[in-house]
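> Quick note, our numbering runs 7 ahead of the 1-based positions in the sequence shown.
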Amino acid sequence: MTQNSGEGLDYFTKAAGLVMLRYIAGNRRNLSEMLCIIREASDYFGKTMENILGGEETASLQELMDLGVMKKKYLPYSSYMATISAYPLLHKKATRTQIFSTVLAKMALILSIKVLDNINDTFHTTEEAEQSLQRQKKAIEEGIYISAGNNDIVKRAENSCTLLALLVNKWLKSLPDTILTARKEFLRDLALYISGQGATFKQQNSIDREKLTIRDYLKNMNEKGVGRVWVGLDLCMLESLCERTKEEIKGFGYLRKGFDYVFKSSNYYDDVADLSVDIGLGIWNSVVYLGRDLAIITKPEESLKNNFLKRQTIRLGDLHFLRGLDLLRQAAKYVEFDEKSLIASMNVFRFFTVRKWFFQSKNPADFVDFLVARVPDRLMRYAHII
């Protein structure tokens, strides 16, 4: 993680990242190997983007940053997050080269998703956003590149995302043809993700949002969580290394569901951190829906200064997070992976997704309260919905 401060990772995040990597690794050998993978993958993928992007059809890496849809920190951060989930799952069976290739594929996936999400949020109408997601889906599923046009920088930026998505398809095709279950589930989960992203656009529609409740968010809108898609690439590699017994396939199912719940938890943590921006844009997120359902607020703007409601939303995220950990522990009964390391990586993921709220809050009590994931009784009414 060698990026400068500013738009790169800040020094606190770098230091915390190293400490937490040691926590995940468990020993010096694993720590050294994970550090090497993170640094090499970040550098390699950055050079790849510089080499394949730019020209008449796509926006270059620098142009993406100038447009504000890509930041320097995305490279080391995506490399870090890809490694801390892939390494615990794969290192007992995979070679370093296999782990490295999986990390690169996950970086291509998450950067394509993140940058396109920024483009859609900033520049596109709902219809344009939905069309862009379908082009991205086509690239990952079928390896087909469909241009958005090249007459302006936004369209070229979108084409860059599609090109990154093609790298995911290329990686999938490099795996043995016998990898049927994990690949099929990955593509199905990708379709669910695209559908979930479409549902989030309703948050920006003043007519639709009045009809939505926290239950709608829990059942439908929160499908935008990318957890199943994220771990899907790990499972494709893992299936290629396993005997594909019924027990292992069952374990893969638990892993998919576990990652799904953990990643869904981050949506609530993000909503708390992004509340002020969302309200300013006229978007109602889960904080508002939860506040209305619990009769804590009557108007969306009342949520801005209601710290109790924000903490309750964090705990609603914890409801998903803790269920996810239970499922990952179940998976360890059927599939061989580093369970202790994977659970540690999920705790680190939780910390990093909520750190933005810590910086905004500047209240030590919020940090102390967050250290242990827990769910108050009043939120258990939602347990059967998720």
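Ideal Cβ positions, reconstructed from N, Cα and C, are used throughout, including at glycine.
Might you give, ordered along the chain, the residues of its own chain that have their beta carbon closer than 7 Å to the beta carbon of K145, omitting 5 neighbours on each side?
Only I151, I153 meet the Cβ criterion.
> Less than 8 Å between C-beta atoms, sequence neighbours within five positions excluded: which residues of the same chain meet that for R318?
Cβ neighbours of R318 beyond the five flanking positions: D373, D376.
> Secondary structure at K99, three-state DSSP: helix, strand or coil?
The answer is coil: DSSP assigns K99 none of H, G, I, E or B.
> Measuring only the C-alpha atoms, how far is G331 from K264?
The straight-line gap from Cα to Cα measures roughly 7 Å.
> Assign T188 to one of three DSSP states: helix, strand, or coil.
The answer is helix: DSSP assigns T188 an H, G or I state.
> Got a sec, what are the start and stop residues for the alpha helix (DSSP H) C43 sits in?
Per DSSP, C43 belongs to the alpha helix (DSSP H) from 35-59.
> For G33 versus S348, is the C-beta spacing smaller than 8 Å?
It is a contact, given that the beta carbons lie within the stated cut-off.
> Once DSSP output is grouped into helix, strand and coil, what is the label at P183?
Three-state result, P183: coil.
> Assuming the contact rule is C-beta atoms closer than 8 Å, A380 and D325 should be a hit. Round their C-beta distance to whole Å, please.
That pair is a contact at about 4 Å.
> W237 lies in the alpha helix (DSSP H); which residues open and close that run?
Segment 234-248, the alpha helix (DSSP H) holding W237.
> Would you call the CB atoms of R299 and V382 closer than 8 Å?
Not in contact: R299 and V382 (Cβ atoms no closer than 8 Å).
> Taking L378 as the reference, which of L386, F356, Q138 has the closest Cα?
The candidate whose alpha carbon is nearest that of L378 is F356.
> Kindly indicate which three-state DSSP category F344 falls into: helix, strand or coil?
Three-state DSSP puts F344 in coil, outside helix and strand.
> Once DSSP output is grouped into helix, strand and coil, what is the label at S67?
In this structure, S67 counts as coil in the three-state DSSP scheme.
> Below 8 Å between beta carbons: does that hold for A115 and V76?
In this structure, V76 does not lie closer than 8 Å to A115 by Cβ.
> Go ahead and label C168 buried or exposed: buried means 16 or more other beta carbons lie within 10 angstroms of its beta carbon, across all protein chains shown.
Buried, by the Cβ-count rule.
> Express the C-alpha separation of L179 and N370 in angstroms, rounding to a whole number.
About 45 Å.
> How far does the alpha helix (DSSP H) with I256 in it reach, from first residue to last?
Here the alpha helix (DSSP H) through I256 covers 253-280.
> Count the CB pairs spanning the stretch 290-307 and the stretch 235-247 that are closer than 8 Å, and state whether there are at least three.
Segments in contact, no.
> Please report how far the alpha carbon of T188 lies from the alpha carbon of I304, in whole angstroms.
Their Cα atoms are separated by approximately 46 Å.
> Quick check on the DSSP output: the alpha helix (DSSP H) that includes N314 runs from which residue to which?
Segment 314-338, the alpha helix (DSSP H) holding N314.
> What are the boundary residues of the alpha helix (DSSP H) that includes R388?
R388 -> no alpha helix (DSSP H), and no H or E assigned at all.
> From L38, Y30, D333, L82, pick the residue whose C-alpha is nearest to that of Y51; which is it?
Ranking L38, Y30, D333, L82 by Cα distance to Y51 puts L82 first.
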